[in-house]
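2 protein chains.
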Amino acid sequence: MTEQQRRPTLIDVAKAAGVSRALVSIVMRDAPGASEATRDKVLEAARELGYRPDTRARLLRSSRTKLLGLSFSSSQPFHAEIVDAAYAEAAAKGYEVALSAVANGRPETRAIEALLDFGSEALILISPTLSNQSLTRYASHVPVVSLLRENVGDLVDSVSSDDNAGIRMAVGYLAALGHRQIVHVDGGTAISAAQRRAAFHTEMLRHGLKPVTVPGGPSEEDGLRAGQLLQLDMPSAAIAFNDRCALGLMESLRANGLHVPNDVSVLGYDDSQFARLSYVQLSSISQDAPLLAAAAVDRAVDRIEGNQPPAHVIRTPHLVKRKTTARPRQSSLPGDQSRHQPSEG
Amino acid sequence: MTEQQRRPTLIDVAKAAGVSRALVSIVMRDAPGASEATRDKVLEAARELGYRPDTRARLLRSSRTKLLGLSFSSSQPFHAEIVDAAYAEAAAKGYEVALSAVANGRPETRAIEALLDFGSEALILISPTLSNQSLTRYASHVPVVSLLRENVGDLVDSVSSDDNAGIRMAVGYLAALGHRQIVHVDGGTAISAAQRRAAFHTEMLRHGLKPVTVPGGPSEEDGLRAGQLLQLDMPSAAIAFNDRCALGLMESLRANGLHVPNDVSVLGYDDSQFARLSYVQLSSISQDAPLLAAAAVDRAVDRIEGNQPPAHVIRTPHLVKRKTTARPRQSSLPGDQSRHQPSEG
DNA sequence: CATCACGTCTAGATCGTTCTATAAACTAGC
DNA sequence: GCTAGTTTATAGAACGATCTAGACGTGATG
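Chains C and A, in that order, give the protein sequences.
Residue 34 is where the first sequence starts when you use our numbering, and the numbers rise one by one after that.
Residue 34 is where the second sequence starts when you use our numbering, and the numbers rise one by one after that.
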């Protein structure tokens, strides 16, 4: 039985300040057409009444909503980092962000429709799984920015990380350390897994090394399974599809008495919060979520405001060296299963 | 330069069907006042034009928005599980969910204002950090449900998990296994940390055991630090504030050559996705996110529709036994630092 | 036959804004 | 003192829906 008090409107403020509705609107929007004196008077009255403009009404009249729709997957911690950064960048550009999660029983189309209903002026989709055709259809109504997935057609913007460059760095770094037997635990059917797999192949060949790939996936369990497979022919270094996969892989190695990085070097991808944990200290390829998010927001705003044509932005990732990568042992014989001390705390 | 085609409105549909605006509105809302024949005719026209009602306009006129505002923290994976479940429950009740994250540089008030701007009819706040006074102020405008935090005042609803019961289970379980030296790595200033600390104290005494608490926190790093502290006087079992804390703690134990659960049993709290990982298999107290989320949504909808008074719902958590808890060694001497085999993969 | 009730439909007001005219007040120029 | 130009203010029409009140046709009732 709470007393629901009506919130003040433009009319209330106008009455209180002794001016017309329209003038209050002008002042609230910081638009030209009001003198300093009345501006102060109106702002004072608004503050007094605790007036907050009604977004719905504002939206309805002016087609501008200053709202960016962002869809993400609730099960990906990496997405959360992007959400964080997107909020900040959007706020800096004077936009608000509407969030919609892709979850169990809530397909991407549902999430997108919700964003459109809220009045989003542009859509930013993290790793969208829709077909290019579907994306293009949405893009005919509103600018669409695909984040972390490229090749989405000419009418859809994309902001992605250069997977080739990332893998090139990874292979180059490990090779420079002296590793000859480097395997790639791939991402299976995950987005950009194919890209990285191919890049690994060409890059290894370029270094005169044999490109060995074992099936993996985006989760810890996938890394764990891959670790079992590697038992048969243990390499001196491994590049995992992502950090979670790397974690599982390391756990598997540890369970088999191998020490990282003394026996095997492990390199992750994403530089997620897991990688940064003090007891993990995972070397990783950073896609720099904040940068990617900022680029996506910029792209969306540019499209909305400048009416620019769609573009495809590719950012170069960088290597973050931590404690899971090192020079290989003098000779990295597969099958060396001697037990080692636990890592120095 | 995308061709942005205008979306059809009520008028378009009315014109196409040869009826008035109002009648189309009636049909779209499934309200009484239209014959079956015209109903079909209108629906057909709407389908043909791809008409979707404009939420903003609808919102503006009717106060009903069928929207629940949900605020969560982007850095808490446990919150993501709740978001998932909330979507499902809300959809079942015919509501849509508006999401707003509390993130770096985006305080809770900001998140809430955004939700209100979207037209949320009720707010569900996960572990809100605002003062009771602030919560109550919001509650005077719109029903507010506090999730995972109780004692929020009479005007605010709350849905929480029974921390006393959870800790009681934890202590009871470990005591039943034969443990006498049980410590609690607490949650520091985190929400409900005080509650659990107190419960631990009384429960240990009830079992005739000495309640030892060491300072911890909600993250892996906190657990890690707590592990160092325990070095001085190693217990036979530990109850961590949450799963992430437990993970850090276990890592610390492992680094010091101790085996879980052979040397020390570790019990987590939350039963998060981490706990379920095959190589972690953390025993944990489950608060059952889906159930809590459903309860919160139910509460919100009840408040909106039934105009019921605020209520406080408390759900009982349950124990999930996995592989980090076991009977203690025959005599659990502190200082026994002998190295053990790695866990059987 | 007049009245009433009922189901179906519609005109017009309304929600809280923004936007487009246009009026009023003032300044400046001749 | 009249006209033109600029600044400041306002009235009224939008935006796309819902809601209220009432019109219209039909059939039943007194």
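For glycine and all other residues, C-beta sits at the position ideal for the given N, C-alpha and C.
All values derive from a computational prediction rather than experimental measurement.
Does DSSP classify residue i as helix, strand or coil?
| i | result |
| --- | --- |
| C:Tyr-206 | helix |
| A:Val-175 | coil |
| C:Thr-88 | helix |
| A:Arg-362 | coil |
| A:Ala-198 | helix |
| A:His-112 | helix |
| A:Arg-213 | coil |
| C:Asp-296 | coil |
| A:Arg-230 | helix |
| C:Tyr-120 | helix |
| A:Arg-143 | helix |
| C:Thr-235 | helix |
| A:Thr-246 | strand |
| A:Glu-129 | strand |
| A:Ile-337 | helix |
| C:Phe-105 | strand |
| C:Arg-348 | strand |
| C:Asp-321 | coil |
| A:Ser-193 | strand |
| A:Ser-167 | helix |
Since residue i meets chain A, which of its residues come closer than 9 Å, beta carbon to beta carbon?
| i | result |
| --- | --- |
| C:Val-353 | Those do not exist, as C:Val-353 stays about 18 Å from chain A at its closest Cβ, beyond 9 Å. |
| C:Asn-165 | Result: empty, since nearest Cβ-Cβ is about 15 Å, beyond 9 Å. |
| C:Gly-281 | Leu-310, Ser-311, Tyr-312 |
Thinking C-alpha only, which one of the options is nearest residue i?
| i | options | result |
| --- | --- | --- |
| A:Met-267 | A:Val-218, A:Ala-326, A:Asp-117 | A:Val-218 |
| A:Ala-326 | A:Gly-51, A:Gly-102, A:Leu-56, A:Leu-291 | A:Gly-102 |
| C:Arg-39 | C:Gly-83, C:Leu-280, C:Ser-53 | C:Gly-83 |
| C:Leu-280 | C:Ser-319, C:Ala-147, C:Leu-265, C:Leu-310 | C:Leu-310 |
| A:Leu-188 | A:Pro-350, A:Ser-194, A:His-345, A:Thr-349 | A:His-345 |
| C:Val-130 | C:Arg-229, C:Leu-148, C:Asn-295 | C:Leu-148 |
| A:Ala-209 | A:Phe-233, A:His-240, A:Ser-191 | A:His-240 |
| A:Ser-107 | A:Lys-126, A:Asp-321, A:Val-216, A:Gly-138 | A:Gly-138 |
| A:Ala-123 | A:His-351, A:Leu-352, A:Asp-335, A:His-112 | A:Asp-335 |
| C:Leu-100 | C:Gly-127, C:Ser-252, C:Leu-265, C:Ser-317 | C:Gly-127 |
| A:Val-353 | A:Ser-305, A:Ile-347, A:Leu-158, A:Ala-333 | A:Ser-305 |
| C:Leu-207 | C:Thr-162, C:Ile-157, C:Ala-273 | C:Ala-273 |
| A:Val-175 | A:Leu-156, A:Arg-230, A:Ser-160 | A:Leu-156 |
Using the rule of at least 16 other Cβ atoms within 10 Å of the residue's Cβ for burial, across every protein chain shown, is residue i buried or exposed?
| i | result |
| --- | --- |
| A:Gln-341 | exposed |
| A:Pro-361 | buried |
| C:Ile-115 | buried |
| C:Leu-180 | buried |
| A:Ser-96 | exposed |
| C:Arg-89 | buried |
| A:Gly-249 | buried |
| A:Ile-44 | exposed |
| A:Thr-98 | buried |
| C:Tyr-312 | buried |
| C:Ser-173 | exposed |
| C:Gly-220 | buried |
| A:Leu-392 | Residue 392 of chain A lies beyond the residue range present for chain A, which begins at 34 and ends at 378; the question has no answer from this structure. |
Interface residues of chain A around residue i at Cβ under 7 Å?
| i | result |
| --- | --- |
| C:Glu-129 | Ala-147 |
| C:Ala-344 | Within 7 Å Cβ-Cβ: nothing; C:Ala-344 doesn't reach chain A, min ~12 Å. |
| C:Ser-311 | Glu-254, Leu-257 |
| C:Ala-113 | Ser-107, Ser-108 |
Taking Cβ-Cβ distances shorter than 9 Å, what residues in chain C pair up with residue i?
| i | result |
| --- | --- |
| A:Asn-137 | Asp-117, Ala-118, Tyr-120, Ala-121 |
Can you pull the chain C residues whose beta carbon is under 7 Å from the beta carbon of residue i, in chain order?
| i | result |
| --- | --- |
| A:Asp-150 | Thr-88 |
| A:Leu-92 | Arg-89 |
| A:Pro-110 | Pro-110 |
| A:Leu-132 | Leu-132, Ser-133, Ala-134 |
How would you list, in chain order, the residues of chain A whose beta-carbon sits under 8 Å from the beta-carbon of residue i?
| i | result |
| --- | --- |
| C:Ser-153 | The contacting residues do not exist; C:Ser-153 stays about 11 Å from chain A at best. |
| C:Glu-393 | With chain C running from 34 to 378 in the structure shown, residue 393 of chain C is simply not present. |
Name the chain C residues whose beta carbon is nearer than 8 Å to that of residue i?
| i | result |
| --- | --- |
| A:Glu-338 | None at all; the shortest Cβ gap to chain C is about 14 Å. |
| A:Glu-284 | Tyr-312 |
Stretch pair the stretch 257 to 266 of chain A + the stretch 285 to 305 of chain A: three plus CB contacts closer than 8 Å: Yes, since at least three Cβ pairs between the stretch 257 to 266 of chain A and the stretch 285 to 305 of chain A fall closer than 8 Å, the two stretches touch.
Between the stretch 152 to 164 of chain A and the stretch 127 to 145 of chain C, are three or more C-beta pairs nearer than 8 Å? Verdict: no, contact absent.
I want to know whether the stretch 163 to 172 of chain C touches the stretch 200 to 214 of chain C - three or more CB-CB distances under 8 Å. These segments do not touch.
Would the stretch 74 to 90 of chain A and the stretch 65 to 80 of chain C be scored as touching if the rule is three or more Cβ pairs under 8 Å? Contact fails: fewer than three Cβ-Cβ distances are below 8 Å.
Would you check if there are 3 or more beta carbon pairs closer than 8 Å linking the stretch 174 to 193 of chain A to the stretch 207 to 225 of chain A? Output reads yes: the stretch 207 to 225 of chain A touches the stretch 174 to 193 of chain A.
Tell me, please, whether the stretch 44 to 59 of chain A touches the stretch 319 to 334 of chain C by the rule of three or more beta-carbon pairs shorter than 8 Å. A contact between stretches requires three or more CB pairs, one per stretch, nearer than 8 Å, and the stretch 44 to 59 of chain A fails this requirement with the stretch 319 to 334 of chain C.
Any chance the stretch 297 to 310 of chain C sits against the stretch 344 to 357 of chain C, with 3 or more Cβ pairs inside 8 Å? A contact exists between the stretch 297 to 310 of chain C and the stretch 344 to 357 of chain C.
Using a Cβ distance threshold of 8 Å, determine whether the stretch 52 to 71 of chain A contacts the stretch 50 to 70 of chain C, with at least three qualifying pairs required. A contact between stretches requires three or more CB pairs, one per stretch, nearer than 8 Å, and the stretch 52 to 71 of chain A fails this requirement with the stretch 50 to 70 of chain C.
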